[in-house]
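Be aware that the sequence shown starts at 85, since it is given in our numbering, and climbs by one per residue.
These notes are about the structure you will find just below.
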Amino acid sequence: MSKQTQTVGATGETTNPFEMVQQRIDTICKRGNIPEAARLRIRECQRELTVHFPVRMDDGEIKVFTGYRVQHSDIRGPAKGGIRFHPDVNLDETKALATWMSLKTAVVNIPYGGAKGSVICNPKTMSLGELERLTRRYTNEISLIIGPERDIPAPDVGTNPQVMAWVMDTYSMTKGYSILGVVTGKPLSIGGSKGRGEATGRGCMLVAKMGAKHLGINFKGATVAVQGFGNVGSVSAMLLAREGCKIIAVSDTKGGIYNPKGLDVEAVIRHKKETGSVVGFKDTKTITHAELLALECDMLVPAALEGEIRADNVSSIKAKMIVEGANGPTTPEADKILFKNGQFVIPDILANAGGVVVSYFEWVQGLQSFFWSEEEVNCKLEVVMNSAFNEILEASQRDKTDMRDAAYLVAIKRIEDAMTIRGLYP
Ligand code: NAD
85 MSKQTQTVGA TGETTNPFEM VQQRIDTICK RGNIPEAARL RIRECQRELT
135 VHFPVRMDDG EIKVFTGYRV QHSDIRGPAK GGIRFHPDVN LDETKALATW
185 MSLKTAVVNI PYGGAKGSVI CNPKTMSLGE LERLTRRYTN EISLIIGPER
235 DIPAPDVGTN PQVMAWVMDT YSMTKGYSIL GVVTGKPLSI GGSKGRGEAT
285 GRGCMLVAKM GAKHLGINFK GATVAVQGFG NVGSVSAMLL AREGCKIIAV
335 SDTKGGIYNP KGLDVEAVIR HKKETGSVVG FKDTKTITHA ELLALECDML
385 VPAALEGEIR ADNVSSIKAK MIVEGANGPT TPEADKILFK NGQFVIPDIL
435 ANAGGVVVSY FEWVQGLQSF FWSEEEVNCK LEVVMNSAFN EILEASQRDK
485 TDMRDAAYLV AIKRIEDAMT IRGLYP
């Protein structure tokens with residue numbers, strides 16, 4: 085998604101993620117009779133910071149990078165959202181991701197707003213030292229607006245617990261004392277939460293189980309294809325397999341692998357660690373990205389990037405249920421077609437909310453300096469995910485809409501409610 089506005093497919097639909105989310109907010113606000121002033125506020129981001137900053141590379145050259153921190157809203161609590169390091173990231177993508185975070189935190193009803201950060205860079209081609217210097221300088225630039233009571237970053241595509249540790253350390257250095265609550269997704273040794281690394285994938289698994297029950301799919305033995313094999317995709321696949329699902333295909337940027345008898349997911353994770361890709365794993369057929377999406381299966385878990393399921397490829401999808409591990413994987417046009425075909429979509433702002441829920445738990449534990457067991461974290465996550473799923477399912481049945489529209493309406497109403505009760509300053 086390298087351009088600010090990009091159209092693909094025969095229908096010429098936009099795949100600019102910020103335009104997509106704005107269009108949907110407009111539609112839902114109209115349908116839900118949301119006051120015009122609230123619609124106008126919710127469809128824009130409250131604060132957008134662009135930074136250009138120098139980093140000394142290993143060969144002595146100084147490169148200037150561009151990054152963003154966007155706060156969509158802090159109306160329901162501190163803004164919250166990950167940091168993405170990716171060569172194609174841009175401001176509109178970051179704004180869309182920030183908006184989805186506000187909707188997501190509202191869907192699962194945790195006291196946060198939404199934010200997102202990004203840096204245009206390719207972490208895969210940078211040394212550890214270069215990444216550390218880039219992270220520290222970026223943190224310094226955005227420290228104007230982040231903080232444990234203001235805006236709390238976390239990992240996203242291209243970042244990980246080590247990057248969060250550098251963010252926390254840099255922020256703490258500028259303040260003169262250690263501030264655990266400035267980021268979540270930290271390593272355990274500096275106030276991370278047990279269960280955070282797996283939380284997004286665990287949330288996907290939990291809602292997939294609820295969805296299967298709703299559709300009458302036998303979860304044990306249900307066939308699954310997973311697009312993207314990073315934090316979200318690999319953990320979702322692993323936890324689904326542990327629940328008895330049969331993972332028949334997974335993919336990463338280099339391509340996909342398929343075995344109709346099911347993959348040993350933990351062995352695939354080891355293979356990817358050793359070789360850099362899932363491709364080449366024993367006893368599998370190599371397949372293309374398009375072939376993975378088109379597989380005959382019960383569940384499809386898109387867990388890569390935005391705009392992967394579009395009007396031009398949606399008709400190839402045969403899965404009965406789509407569990408959106410990624411943010412924004414389905415375009416509005418594709419959504420309509422899936423709904424018409426009776427394919428059940430568990431939308432991103434519900435399906436991948438497990439990460440932000442356990443981030444919230446991490447923040448709470450850090451503020452209290454009192455840490456919970458992994459079992460406690462997982463139990464509390466299950467309660468939140470199950471109740472959010474039930475609430476959205478009920479709303480979708482009542483309003484005769486798909487799960488995404490139902491989730492948007494529930495979220496927008498919560499945000500609007502907070503706006504009304506707080507009143508307008510000045
Ligand atoms: P990641 O960088 O760990 O993994 C991304 C994976 O997608 C990699 O395996 C990459 O090779 C693969 N990929 C990229 N393009 C692909 C394509 N076209 N086809 C197949 N594979 C492709 O990132 P992540 O943290 O797992 O995030 C994945 C998605 O989940 C993003 O949309 C992110 O915003 C969302 N998300 C992440 C979290 C989290 O806690 N990490 C939480 C909520 C949502």
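Just so you know, even glycine gets a beta-carbon here, dropped at the ideal spot from N, CA and C.
For clarity, every value in this text was computed on a predicted model and none was experimentally measured.
If you count every other CB in all the chains shown that lies within 10 Å of the CB of residue i, and 16 or more means buried, which is it?
i, result
"ASP367", "exposed"
"GLY317", "buried"
"ARG280", "buried"
"ARG488", "buried"
"HIS170", "buried"
"ALA121", "exposed"
"GLU478", "exposed"
"GLU417", "buried"
"CYS463", "exposed"
"THR219", "buried"
"SER400", "exposed"
"GLU392", "buried"
"HIS136", "exposed"
"GLY412", "buried"
"LEU458", "Reading the sequence as shown, one finds Glu at residue 458 and not Leu. That one is exposed."
"ILE167", "buried"
"ILE194", "buried"
"TYR492", "buried"
"ARG123", "buried"
"SER211", "exposed"
"LEU377", "buried"
"THR209", "exposed"
"ASN100", "buried"
"GLY287", "buried"
"ILE126", "buried"
"THR183", "buried"
"GLU51", "Since the first residue of the chain shown is 85 and the last is 510, residue 51 is not available in this structure."
State yes or no: is the C-beta of residue i within less than 8 Å of the C-beta of residue j?
i, j, result
"ILE301", "MET405", "yes"
"TRP456", "THR268", "no"
"THR284", "ASN315", "yes"
"ALA437", "VAL154", "no"
"VAL429", "THR414", "yes"
"LEU290", "VAL308", "no"
"GLU466", "PRO431", "no"
"LYS369", "GLY346", "no"
"LEU434", "ILE476", "yes"
"TYR255", "SER277", "no"
"VAL440", "THR189", "yes"
"GLN427", "ALA410", "no"
"PRO232", "GLY265", "yes"
"ILE263", "LEU133", "no"
Just tell me which of the options has its CA closest to the CA of residue i.
i, options, result
"GLY161", "MET141, HIS136 and LEU187", "LEU187"
"PHE365", "ALA163, ILE496 and GLY339", "GLY339"
"VAL494", "GLY116, ILE204, PHE137 and GLN311", "GLY116"
"TYR222", "ILE204, GLY312 and LEU324", "ILE204"
"TYR196", "GLU225, TYR444 and GLY287", "TYR444"
"GLN452", "ASP253, VAL442, ASP143 and GLY275", "GLY275"
"HIS373", "ILE353, ASN397, PRO138 and GLY265", "ASN397"
"PRO207", "LYS259, PHE149, MET252 and SER157", "PHE149"
"LEU272", "ALA502, PHE454 and SER480", "PHE454"
"GLY213", "GLN107, ASP142 and GLY450", "ASP142"
Would you report the Cα separation of residue i and residue j, rounded to the nearest angstrom?
i, j, result
"PRO119", "CYS113", "8 Å"
"HIS355", "SER361", "7 Å"
"GLU177", "GLY328", "36 Å"
"ILE332", "HIS298", "22 Å"
"LYS270", "VAL385", "26 Å"
"MET294", "MET185", "22 Å"
"VAL349", "ALA490", "33 Å"
"GLY201", "GLY151", "7 Å"
"GLN130", "GLY198", "10 Å"
"LYS497", "MET104", "19 Å"
"ASP235", "ALA351", "38 Å"
"ILE505", "ILE159", "10 Å"
"ILE109", "THR243", "29 Å"
"LEU389", "ALA180", "12 Å"
"VAL319", "GLU282", "6 Å"
"PRO138", "ILE421", "46 Å"
"ASP486", "LYS424", "10 Å"
"ARG482", "PRO237", "36 Å"
"TRP250", "ARG217", "9 Å"
"PRO344", "CYS381", "10 Å"
"ASP501", "LYS147", "45 Å"
"LYS357", "SER335", "14 Å"
"GLY305", "MET322", "14 Å"
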